[in-house]
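Remarks on the structure that follows.
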Amino acid sequence: MFQLGKDTTEYRLLGTEGVSTGEFEGKTILKVSKEALTQLAQQAFHDVEFMLRREHNLQVAKILTDPEASENDKYVALQFLRNAETAVKGILPFCQDTGTAIIHGEKGQRVWTDFEDEEALSLGVYNTYTQDNLRYSQNAPLNMYDEVNTRCNLPAQIDIEAVEGDEYRFVMVAKGGGSANKTYFYPMTKATIQNEGTLLPFLVEKMKSLGTAACPPYHIAFVIGGTSAEKNLLTVKLASIKYYDNLPTTGDETGRAFRDIDLEEKLLHEAHKIGLGAQFGGKYLAHDIRVIRLPRHGASCPIGMGVSCSADRNIKAKINKDGIWLEKMDNNPSELIPEELRNPGEGGKGIEIDLDKGIDALELATCLCLSLAHCHISIYPTELPRRTARRTTPVRNGE
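Going by my numbering, the first residue of the sequence shown is number 58, and it counts up by one from there.
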């Protein structure tokens, strides 16, 4: 159903250890170790928490020079670029909601693992969330009403499909609660897709209901059709992170999925006219929109809508005979901030604070920082305290 074109993603090599090849019934097989999968997941979630895609950051930077953008749009865009500049240092993540770890895998049938893949991937997620400065967001139900925080951000959502070939492909997502809450399903009928005159107003009205609670500008996805409700919504999620960007742009008699580029452009124009903008009024409710058409049962027409928010944390990965590969993320968002928008001293070396010196020394350093605030000196700790020392009060139920 999903006939994807060539993957043009730029990858970097993590290594080759834990990856080897062999022969079985005259065909090459790929053998992957448990340690290789764990390493991949750990590095992927580290990278995606502190770095975004270059394409996304360029879209944010474009707002600053758009004469149609409101001052509110430009203000928000600048703050996002400053967030990215801070996050890339690897200490403070781009967003305080560090998300649910979601892994979508496609495992070639000639890829061999002699262990539980989900366990190895989960260990990588565990390592990242417990070793980096990332919030734990997952709550385990003790009964219908009482919960406890799992204190490691597990469980992760891991779905692995069997496909042809000898390559193991992934897309990994740190999905925040705000954007996840903006996922909608509408069980419609053929009447909604009679023509553009019936479909476009329907989609625009639903788009207005998104509001700004999930931190726009959004990457919005609509999926029209689907063999089931769950297939529709899975496609929504993957479309919102541009996983299906290389789909064909026309359908055929076999029921292949396709993108409707013309409808995407019209919906983006309508999104700009809504007026919600990048949170406080303006043009940029959305950076872009994806519309995917799927086959459907004649008695129903499922329609799904979802977003990836301004913390667009998605990263591709793959394992093949050449090693372990991870998508290159933007490690230099600083260059996208125009110099004329910088404050004096901004972006320079921060004042180093040793958090192990005790509260008295920290208070003194804070007073010093406040006294120098007029110089706009950026302050970053040299080292975070150990994870066990981050919190002095118990985690409350549901927190």
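Idealized CB from N, CA, C, for every residue including glycine.
Round the Cβ separation of Glu92 and Ile86 to the nearest angstrom and send it over; I've been treating them as touching at under 8 angstroms.
Start at 1 with the first residue of the sequence shown, and residue 92 comes out as number 35. Start at 1 with the first residue of the sequence shown, and residue 86 comes out as number 29. The Cβ separation is near 18 angstroms, so there is no contact.
How many Å lie between Asn129 and Phe107 at the Cα?
Indexing the sequence shown from 1 puts residue 129 at position 72. Indexing the sequence shown from 1 puts residue 107 at position 50. Taking the straight line from one Cα to the other gives about 25 angstroms.
Quick check: Arg192 and Gln153, are their CB atoms within less than 8 angstroms of each other?
In the sequence shown, residue 192 corresponds to position 135, counting from 1. In the sequence shown, residue 153 corresponds to position 96, counting from 1. Their beta carbons are under 8 angstroms apart, which means Arg192 touches Gln153 by this criterion.
Nearest by alpha-carbon distance to Glu31: which of Phe315, Asp345, Glu310, Val89 is it?
Residue 31 is absent from the model: the chain starts at 58 and stops at 456.
Identify, in the order they occur along the chain, each residue of the same chain with its Cβ nearer than 7 angstroms to the Cβ of Ala126, setting aside the five sequence neighbours on each side.
If you number the sequence shown from 1, residue 126 lands on position 69. Excluding positions up to five away in sequence, the list reads Ile120, Gly339, Lys340, Tyr341.
Throw me the rounded Cβ distance for the Asn377 and Glu224 pair, which I believe falls under 8 angstroms.
As a position in the sequence shown, residue 377 is number 320, starting the count at 1. As a position in the sequence shown, residue 224 is number 167, starting the count at 1. That belief holds up - the Cβ atoms of Asn377 and Glu224 are roughly 5 angstroms apart, short of 8 angstroms.
Which whole runs of the beta strand (DSSP E) in the stretch 227-309 are 3 residues long or more, in chain order?
DSSP runs (the beta strand (DSSP E)) wholly in the stretch 227-309: 241-245, 275-283.
If I follow the unbroken alpha helix (DSSP H) through Gly181, where does it start and stop?
Position 124 of the sequence shown, counted from the first residue, corresponds to residue 181. It spans 174-188 - the alpha helix (DSSP H) in which Gly181 sits, taken as one unbroken run.
Can you tell me the Cα-Cα spacing of Gly363 and Glu321, whole angstroms?
Here residue 363 refers to the residue found at position 306 of the sequence shown. Here residue 321 refers to the residue found at position 264 of the sequence shown. Going by the C-alpha atoms only, they are around 14 angstroms apart.
I need the boundaries of the beta strand (DSSP E) containing Ala219, first residue and last residue.
Here the question's residue 219 lines up with position 162 in the sequence shown. Taken as a continuous stretch (DSSP letters only), the beta strand (DSSP E) holding Ala219 covers 214-220.
Name the residue from Tyr68, Ile416, Ile217, Ile394 whose alpha carbon lies nearest to the alpha carbon of Ala134.
On the sequence shown, residue 134 is found 77 positions in, with the first residue counted as 1. Nearest option by C-alpha distance: Ile394.
Flag this pair as touching only if the stretch 204-220 and the stretch 154-163 have three or more C-beta atom pairs under 8 angstroms; answer yes or no.
Output reads yes: the stretch 154-163 touches the stretch 204-220.
Going by C-alpha distance, which of Gly312, Leu109, Thr78, Val105 is nearest Ser391?
By 1-based counting over the sequence shown, the position of residue 391 is 334. The option with the nearest alpha carbon to Ser391 is Leu109.
Between the stretch 289-296 and the stretch 230-243, are three or more C-beta pairs nearer than 8 angstroms?
The stretch 289-296 vs the stretch 230-243: in contact.
Suppose you measure from the CA of Thr246 to the CA of Glu142; what does that come to, to the nearest Å?
For this step, residue 246 is matched to residue 189 along the sequence shown. For this step, residue 142 is matched to residue 85 along the sequence shown. Cα-Cα distance, rounded: 46 angstroms.
Pick out the complete alpha helix (DSSP H) segments inside the stretch 308-356, 4 residues or longer, and give them in chain order.
The qualifying runs are 318-331.
Do you know whose CA, among Asp411, Phe315, Ala177, lies nearest Met58's CA?
Counting from one through the sequence shown, the residue named residue 58 turns up at place 1. Comparing Cα-Cα distances from Met58 to each of Asp411, Phe315, Ala177, the minimum goes to Phe315.
Name the DSSP beta bridge partners of Lys164, please?
The residue you call residue 164 lines up with position 107 of the sequence shown. Answer by DSSP bridge pairing, in chain order: Ala219, Tyr225.
So what's Lys84 in DSSP terms, helix, strand or just coil?
Numbered from 1 along the sequence shown, position 27 holds the residue referred to as residue 84. The answer is strand: DSSP assigns Lys84 an E or B state.
Would you tell me roughly how many angstroms separate the C-alpha atoms of Glu67 and Lys375, rounded to the nearest one?
Along the sequence shown, one-based indexing puts residue 67 at 10. Along the sequence shown, one-based indexing puts residue 375 at 318. Going from the Cα of Glu67 to the Cα of Lys375 covers about 11 angstroms.
In whole angstroms, what separates the C-alpha of Val182 from that of Ala98?
Residue mapping note: residue 182 aligns to position 125 of the sequence shown, counting from 1. Residue mapping note: residue 98 aligns to position 41 of the sequence shown, counting from 1. Taking the straight line from one Cα to the other gives about 6 angstroms.
Just verifying my parser: in three-state terms, what is the DSSP assignment at Asp411?
The residue labelled residue 411 in the question sits at position 354 within the sequence shown. Reduced to three states, the DSSP call for Asp411 is strand.
Specify, as a first and last residue, the run of the alpha helix (DSSP H) that Asn129 falls within.
On the sequence shown, residue 129 is found 72 positions in, with the first residue counted as 1. First-last of the alpha helix (DSSP H) with Asn129: 128-144.
Sorted by chain position, which residues of the same chain lie with C-beta nearer than 6 angstroms to Asn184's C-beta, five sequence neighbours on each side aside?
Numbered from its first residue, the sequence shown carries residue 184 at position 127. Only Gln99 meet the Cβ criterion.
Quickly, what does DSSP pair Gly55 with across the bridge? List them, please.
As shown, the chain starts at 58 and ends at 456. That puts residue 55 outside it, with no answer to give.
On a CA-only basis, which of Glu397, Val145, Phe259 is nearest Ile360? Give me that one, please.
Within the sequence shown, residue 360 is the residue found at index 303, counting from 1. Nearest C-alpha to Ile360: Phe259.
Cα-Cα, which of Leu138, Ser236, Leu256, Gln214 is closest to Ala271?
For the purposes of this step, residue 271 is taken as residue 214 along the sequence shown, with counting starting at 1. Nearest option by C-alpha distance: Ser236.
Buried or exposed: which applies to Glu74, given that a residue is buried once 16 or more other Cβ atoms fall within 10 Å of its Cβ?
Residue numbering aside, residue 74 sits at position 17 when the sequence shown is read from its first letter. Answer is exposed; the Cβ neighbour count stays below 16.
Of the choices Asn114, Gly222, Ile349, Glu82, whose alpha-carbon is the least far from that of Leu304?
Taking the first residue of the sequence shown as position 1, residue 304 is located at position 247. Closest option to Leu304, Cα to Cα, is Ile349.
Pick from Asp123, Val76, Lys84, Ala286: whose alpha carbon is nearest that of Cys358?
The residue labelled residue 358 in the question sits at position 301 within the sequence shown. Here the closest residue by C-alpha is Ala286.
Going by DSSP in three states, Ala368 sits in which element: helix, strand or coil?
Within the sequence shown, residue 368 is the residue found at index 311, counting from 1. Correct three-state label for Ala368: coil.
Does the Cβ of Asp317 have 16 or more other Cβ atoms within 10 Å, making it buried, or fewer, making it exposed?
Within the sequence shown, the letter at position 260 stands for residue 317. Buried.
On the criterion of 16 or more Cβ atoms from any shown chain inside 10 Å, does Lys373 qualify as buried, or is it exposed?
To locate residue 373, count along the sequence shown from 1; it is residue 316. Buried: at least 16 other Cβ atoms inside 10 Å.
Please report the straight-line C-alpha distance between Asn200 and Ser194, rounded to a whole angstrom.
Position 143 of the sequence shown, counted from the first residue, corresponds to residue 200. Position 137 of the sequence shown, counted from the first residue, corresponds to residue 194. Computed Cα separation, rounded: 18 angstroms.
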